[in-house]
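K.L.:
Before we start, here is the structure in question, set down as structure tokens.
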Amino acid sequence: MDGLDAGRSVLVMAPTGAGKTFVADYAVARSLDAGTTAVYTTPLKALSNQKYRDLSARLGPERVGLITGDRTVNPGAPVLVVTTEVLRAMLYEVRGGRPGPGAAALDRLGAVVLDEFHYLQDTDRGAVWEEVVINTPADVALVCLSATIPDVELVHDWLTRVHGPTELVVADQRPVRLNHLYAVDNLRRTAPMLLPIFVDGQLNTTAELLDGARRDTRGEGLRVRDRDRPVPPTRHDLIAHLRANNLLPAIWFVLSRAGCDEAVADCLAGDLQLTTEAERVRIRSLVSQALAPLSGGELRAIDAAGWQNALEAGVAAHHGGLAPVQRDVVEAAFGEGLVKVAFATETLALGVNLPARTVVIDRVVRASGEVLDAGEFAQLAGRAGRRGIDEVGHVVVPWSPYVPFQRVGALAGGHLAAIRSAFRVTPAMALNLVRTGTLDEARATVESSLRHRCALDQAAILDGDLDVRQSELAEVVEDLAEFAELPENGDPDPVADPHGATERTDSGRDLAGLRPGDVVVDTGRPEYGPAVVLAVGTKRGTVCVEAIHSTGRRLQLTPSTLRGGPAVLHHLDLPDWEPTQRGHAKRAVDALALLDLPLDDLRPATTHGPRPKPKQEQTRRRLAVRRDQLTATVDDLQTSLMAARTGVRTELDQVLALLRRRRHLVNLTLTPSGQAIRRLFHPSGLLLGECLVAGLLDDLDPASLASAASWFTARTRLGGPASTGLASAELTRRWETVRALTRDVQADEVAEGLTPTPHPEPALGVPVHRWASGSPLDVAVGGTGVLVGDVVREIRQVAELLDQLTTVPGGHQRAAAQAVVALRRGAIVADDAQAVKEN
Numbered sequence: 001m002d003g004l005d006a007g008r009s010v011l012v013m014a015p016t017g018a019g020k021t022f023v024a025d026y027a028v029a030r031s032l033d034a035g036t037t038a039v040y041t042t043p044l045k046a047l048s049n050q051k052y053r054d055l056s057a058r059l060g061p062e063r064v065g066l067i068t069g070d071r072t073v074n075p076g077a078p079v080l081v082v083t084t085e086v087l088r089a090m091l092y093e094v095r096g097g098r099p100g101p102g103a104a105a106l107d108r109l110g111a112v113v114l115d116e117f118h119y120l121q122d123t124d125r126g127a128v129w130e131e132v133v134i135n136t137p138a139d140v141a142l143v144c145l146s147a148t149i150p151d152v153e154l155v156h157d158w159l160t161r162v163h164g165p166t167e168l169v170v171a172d173q174r175p176v177r178l179n180h181l182y183a184v185d186n187l188r189r190t191a192p193m194l195l196p197i198f199v200d201g202q203l204n205t206t207a208e209l210l211d212g213a214r215r216d217t218r219g220e221g222l223r224v225r226d227r228d229r230p231v232p233p234t235r236h237d238l239i240a241h242l243r244a245n246n247l248l249p250a251i252w253f254v255l256s257r258a259g260c261d262e263a264v265a266d267c268l269a270g271d272l273q274l275t276t277e278a279e280r281v282r283i284r285s286l287v288s289q290a291l292a293p294l295s296g297g298e299l300r301a302i303d304a305a306g307w308q309n310a311l312e313a314g315v316a317a318h319h320g321g322l323a324p325v326q327r328d329v330v331e332a333a334f335g336e337g338l339v340k341v342a343f344a345t346e347t348l349a350l351g352v353n354l355p356a357r358t359v360v361i362d363r364v365v366r367a368s369g370e371v372l373d374a375g376e377f378a379q380l381a382g383r384a385g386r387r388g389i390d391e392v393g394h395v396v397v398p399w400s401p402y403v404p405f406q407r408v409g410a411l412a413g414g415h416l417a418a419i420r421s422a423f424r425v426t427p428a429m430a431l432n433l434v435r436t437g438t439l440d441e442a443r444a445t446v447e448s449s450l451r452h453r454c455a456l457d458q459a460a461i462l463d464g465d466l467d468v469r470q471s472e473l474a475e476v477v478e479d480l481a482e483f484a485e486l487p488e489n490g491d492p493d494p495v496a497d498p499h500g501a502t503e504r505t506d507s508g509r510d511l512a513g514l515r516p517g518d519v520v521v522d523t524g525r526p527e528y529g530p531a532v533v534l535a536v537g538t539k540r541g542t543v544c545v546e547a548i549h550s551t552g553r554r555l556q557l558t559p560s561t562l563r564g565g566p567a568v569l570h571h572l573d574l575p576d577w578e579p580t581q582r583g584h585a586k587r588a589v590d591a592l593a594l595l596d597l598p599l600d601d602l603r604p605a606t607t608h609g610p611r612p613k614p615k616q617e618q619t620r621r622r623l624a625v626r627r628d629q630l631t632a633t634v635d636d637l638q639t640s641l642m643a644a645r646t647g648v649r650t651e652l653d654q655v656l657a658l659l660r661r662r663r664h665l666v667n668l669t670l671t672p673s674g675q676a677i678r679r680l681f682h683p684s685g686l687l688l689g690e691c692l693v694a695g696l697l698d699d700l701d702p703a704s705l706a707s708a709a710s711w712f713t714a715r716t717r718l719g720g721p722a723s724t725g726l727a728s729a730e731l732t733r734r735w736e737t738v739r740a741l742t743r744d745v746q747a748d749e750v751a752e753g754l755t756p757t758p759h760p761e762p763a764l765g766v767p768v769h770r771w772a773s774g775s776p777l778d779v780a781v782g783g784t785g786v787l788v789g790d791v792v793r794e795i796r797q798v799a800e801l802l803d804q805l806t807t808v809p810g811g812h813q814r815a816a817a818q819a820v821v822a823l824r825r826g827a828i829v830a831d832d833a834q835a836v837k838e839n
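When we follow full-length UniProt numbering, the leftmost residue of the sequence shown carries the number 1, and every step to the right adds one.
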């Protein structure tokens, strides 16, 4: 707070419950007192709605506004709660002189709170946090809050360099200390054991012995009788044990939605009952009040009866596959102590104010095989311990046969991994940058990213490694020069050459000139025989030729593997090569065997004189191998060093080249299509903009336009043919055109060295079309096999995308606005009481 009073920004890293929210509230109060606007950002709409309710209750609803992409309330208020993407779009509009809803408030901006700041590492959305930091005016105080920021000193240095003086506040002590426990059972015990993971600050040696028992499958490791062998405790037994030891309520983190639902079903199948009759009465009241706005079809779609049965038993799931109204009831019931165990995905750890006495982390390995890192583990564990209620929070990890205890201990007490920047240049970003500045200014902007800051640190390390390797290479080349006069003895392996670097350069140019079908031989060792070129490309910046030898052996020819140069002796007409086609290579070898090639003309004259001694030859070969290894290492380091120093600038240039190729830019001037794309902050923004310009979304009724928009937002695949997601023959025709355009765009992206645009996905087109046409939710979802929550989320994302499309001129605008109204009804908005009133 002293830093804010001194006009500095602040970066606060402190455990959950340590008072980060107090710092944010102080920044908001200072802004109100100064007559400026405060913007509070969160990564999730649910968190924005929650913060909006909290601030409205404390400051009064007339002083607080909300903009989340699908809701806009009081946008002229002195305190605005927004998602981070909304603030990013507002900053770009102000930068371009064309403010949208709420953007006028940025003229008097005083403070920006970036909650859950560690989200800047998120692969899909993290770049937005960096864009906000970079584009927020320097005289505006940034308040960056997180419980877990890796490399916090580096992040602090970046903030100071990019935005201005920043105060770093790091608090290590939790208000409620954590007790890490290891839950294990065996067939002899009647209840699980909870072993402390740490004893006197060290890993528990008793628990470590369980790893030996894990290995005893075929006589290896610690001998243990079958009934004494450790096993994971069942959910029912562990919950009963937690209840008996007064360790409820608990959040049980399960790393999949299906796993959460399965856990609830498992508890109900075991007749688990954790609530009193009075608590069940209160639960019924909460459910009745929350579900009142929903129709009968919507209640059937969300299986309201089965869901309520679980709540009354004291257990519930919490994940994105539930309808928003269900998640709200679960949060309210858990907060009142009515739900004793909530089986939740990781989303619940992202700032939702739902602390518990105990956290159970079901598995530390995701279904993909990826292990949680220490930061992710800490984020989940941070929900344990209620400030002012619990003296200790408990974190329980069940024993697993697949994860050693030492790995669990490393996560529980480990250091955070290095920061990962997710910054990347998108078409919309590039267009907005060149629209309001010069190319040099655009390059300077992207080079102020955290990604570039991390890359410069990496470049310094690479530079030191390169110096060491180059010195070592020079010594090896010098040692090899002593053997330069020794005769070759007919061995085809490469030998030392003091001018090897020059020859490799020439060889690289010669290799680049080859084409598939060329029959080549190494002039430095023609006796090694001919080979047929299959493909020519580059690998780590070096020319690399894929070839097949006359013996059938696959070769990779590079400047460092050639002793002389590639001599073309003949050319074979071969069909286009596919790496997976084995018959193609065999045909090349067969054709090569039929040729009569003039190899004798390429053989060097026999060298007369003394042959090298075996020991000398061994030394020369060893040095030659080491020289080639070091040469490859130096080449790799130089390539990596160049990428580290210029990577983000190169990416900007590649994106601009793509935009010119696609005619969205002429020099640095935006064409009409470029003006459309720069408004589309979306992973498929380039493709979507081209569809708009081509009229592929024009002249559709609102329901059909909503269905078509879902192609660009859907993440759920049904596994069936694309036609199952197409609601009409007209949409089928347009879908085929969009697919062809997608392939065209992707080909140009690959040609410019960029990651291709995601494929559109029509799988949810039918339920979106049904809902936009007025069908009940159960009818809209019926027959798709998709979770109701996924459809609700999809409809919300489609509505948000259509909102963006209303800002782009074209024959789609009116239908887009009508589709937004048709989509935002019933269960789609029933998660927020204020939203229900507004509708």
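We put the CB at the ideal spot given by N, CA and C, even for glycine.
#1: Under the assumption that T136 contacts L142 (Cβ atoms under 8 Å), give the Cβ distance between them as a whole number of angstroms.
#2: I'd like to know whether the C-beta of S9 is nearer than 8 Å to at least one C-beta of chain B.
#3: Where D5 and S31 are concerned, what is the direct C-alpha to C-alpha distance, given to the nearest angstrom?
#4: With DSSP run on the structure shown, which of helix, strand or coil describes Y339?
#5: Is the beta carbon of R282 sitting closer than 8 Å to the one on E312?
#6: Within a Cβ cutoff of 6 Å, which residues of the same chain sit near A412, ignoring the five residues on either side of it in sequence?
#7: What three-state label does DSSP hand W771 in the structure shown?
#8: Starting from A378, follow the alpha helix (DSSP H) in both directions and report where the run begins and ends.
#9: Where does the unbroken alpha helix (DSSP H) through Y92 begin, and where does it stop?
#10: With DSSP run on the structure shown, which of helix, strand or coil describes M1?
#11: Helix or strand or just coil, what does DSSP make of R515?
#12: Does DSSP put H812 in a helix, in a strand, or in coil?
#13: From residue 858 to A278, what distance separates their C-alpha atoms?
#14: For the structure I just gave you, are there three or more beta carbon pairs, one from the stretch 233 to 248 and one from the stretch 325 to 334, closer than 8 Å?
#15: Closest to V359 by CA distance: which of D790, A481, L594, V254 is it?
#16: Pair every Cβ in the stretch 809 to 828 with every Cβ in the stretch 691 to 709, then say whether three or more of these pairs are closer than 8 Å.
#17: So, for L514: in the same chain, excluding its five sequence neighbours on each side, which residues have a beta-carbon less than 8 Å away from its beta-carbon?
#18: Could you tell me which residues DSSP pairs with H549 in its beta bridges?
#19: Less than 8 Å between the CB atoms is what I'm expecting for V768 and T784, so what's the real figure, rounded?
#20: Do three or more CB pairs link the stretch 812 to 820 to the stretch 787 to 796 at distances below 8 Å?
#21: Give the C-beta separation of V425 and V176 to the nearest angstrom, bearing in mind that I take them to be a contact with Cβ-Cβ under 8 Å.
#22: Within 10 Å of its beta-carbon, does S684 have 16 or more other beta-carbons around it, so buried, or fewer, so exposed?
#23: Inspect the beta-carbon positions of V808 and R626 and report whether they are closer than 8 Å.
#24: Nearest-angstrom Cα distance between A547 and R554?
#25: Pairing CB atoms from the stretch 441 to 449 with CB atoms from the stretch 465 to 481, are three or more of them under 8 Å?
#26: When we look at the beta-carbon of N667 and count the other beta-carbons within 10 Å, is it buried (16 or more) or exposed?
#27: Strictly by DSSP, which residues pair up with C144?
#28: With a threshold of 16 other CB atoms inside 10 Å of the CB of G500, please say whether the residue is buried or exposed.
#29: Tell me the rounded alpha-carbon separation between residue 842 and R509.
#30: Under DSSP, the alpha helix (DSSP H) around E279 begins and ends at which residues?
#31: Tell me C544's beta-bridge partners as DSSP assigns them.
#32: Could you spell out where the alpha helix (DSSP H) holding E131 opens and where it closes?
#33: Please identify the residue among G60, V12, P530 whose C-alpha is closest to the C-alpha of L595.
#34: How many angstroms separate the CA atom of P15 from the CA atom of A24?
#35: Can you look up P232 in the DSSP assignment and give me helix, strand or coil?
#36: State the beta-bridge partners of W252 as determined by DSSP.
P.N.:
Concretely, from the data shown:
#1: 6 Å
#2: Here there is only one protein chain, and chain B is not present.
#3: 11 Å
#4: According to the sequence displayed, residue 339 carries Val and not Tyr. Residue state, collapsed to three classes: coil.
#5: no
#6: H180, I197
#7: helix
#8: 374 to 381
#9: Element bounds for Y92: 84 to 95.
#10: coil
#11: coil
#12: coil
#13: Since the first and last residues shown for the chain are 1 and 839, residue 858 lies out of range.
#14: no
#15: V254
#16: Yes, the stretch 809 to 828 is in contact with the stretch 691 to 709.
#17: In the same chain as L514, and ignoring 5 residues on each side of it, the C-beta atoms closer than 8 Å to its own belong to V520, V533, V536, V545, P566, V568, in chain order.
#18: A531
#19: In fact, because the Cβ distance is near 10 Å, the residues do not count as touching under 8 Å.
#20: no
#21: With a Cβ gap of about 43 Å, V425 and V176 do not count as contacting.
#22: So S684 counts as buried.
#23: no
#24: 6 Å
#25: no
#26: exposed
#27: L11, L114
#28: Because the pLDDT at G500 is just 42, under 50, the model does not fix this residue reliably, and the value given afterwards should be weighed accordingly. When all chains shown are included, G500 counts as buried.
#29: The chain is shown from 1 up to 839; residue 842 falls before or after that span and cannot be answered.
#30: 277 to 291
#31: G537
#32: 126 to 135
#33: Comparing Cα positions, the closest option is P530.
#34: 15 Å
#35: coil
#36: The partner list for W252 (beta bridge, DSSP) reads F343, V360.
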